[in-house]
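K.L.:
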Amino acid sequence: MKKTFSYIVTILILPFIGFAQNSYIRHDINANVIPSTSTIQVTDVITIPGDRLKGELKFKLHNTMDLRYTTDGIDVKKIQENVNAHDVGMDREEPESGNNLLVDEYLVKYPADHTGDLVFTLNFNGVIKS
């Protein structure tokens, strides 16, 4: 009886777990921090579920980072430079400190006829500044 109950619960829950995992943007990040030079080197493999590919894809990155993308068929274009990052999250003790943080904004272009999940790689590096 216990085994049957576990089986039924597993069958009922699995579709919801699968749905939840597919609805999120996934980042597989490999980062190398070099304390002696206060620099970072990052490779970010991004997976965006097909059902989230509606309209433009934009992201922001600290303006000291040098960005390179390495996926055929994907174009990443800088659309704004040195923009004040007004929303820096809840970890800041001083809310107005975001006004001193400058970011660059990028637009990700992918083929209009793309179907399924979109997977692309971003490489960036630079000096870590707060």
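The numbering of the sequence shown is this note's numbering, which starts it at 12 and goes up by one.
Cβ coordinates follow ideal geometry from the N, Cα and C atoms, glycine included.
1) On a CA-only basis, which of 97, 121, 138 and 126 is nearest residue 132? Give me that one, please.
2) Please determine, among 70, 90, 125 and 114, the residue with the shortest C-alpha to C-alpha distance to residue 83.
3) Alpha carbons only, please: which of 59, 127, 92 and 129 is nearest the one belonging to residue 113?
4) Do you know how far the Cα of residue 36 is from the Cα of residue 20?
5) Could you check the C-alpha separation between residue 90 and residue 47 for me, to the nearest Å?
6) Under the rule that 16 or more other beta-carbon atoms within 10 Å means buried, what is residue 45, buried or exposed?
7) If you compare alpha carbons, which of 53, 59 and 42 is closest to residue 85?
8) Could you pull the DSSP bridge partners for residue 137 from this structure?
9) Among residues of its own chain, excluding the 5 on either side of residue 81, which ones have a beta-carbon nearer than 7 Å to its beta-carbon?
10) Which residues does DSSP pair with residue 93 in a beta bridge?
P.N.:
Reading off the structure:
1) 121
2) Comparing Cα positions, the closest option is 125.
3) 92
4) A caution first: residue 20 carries a pLDDT of 44, below 50, which makes its placement in the model unreliable, though a value can still be read off. For residue 20 and residue 36, the distance between alpha carbons rounds to 27 Å.
5) 32 Å
6) Exposed: under 16 other Cβ atoms inside 10 Å.
7) 59
8) 51 and 76
9) 132 and 134
10) Answer by DSSP bridge pairing: none, since residue 93 is not bridged.
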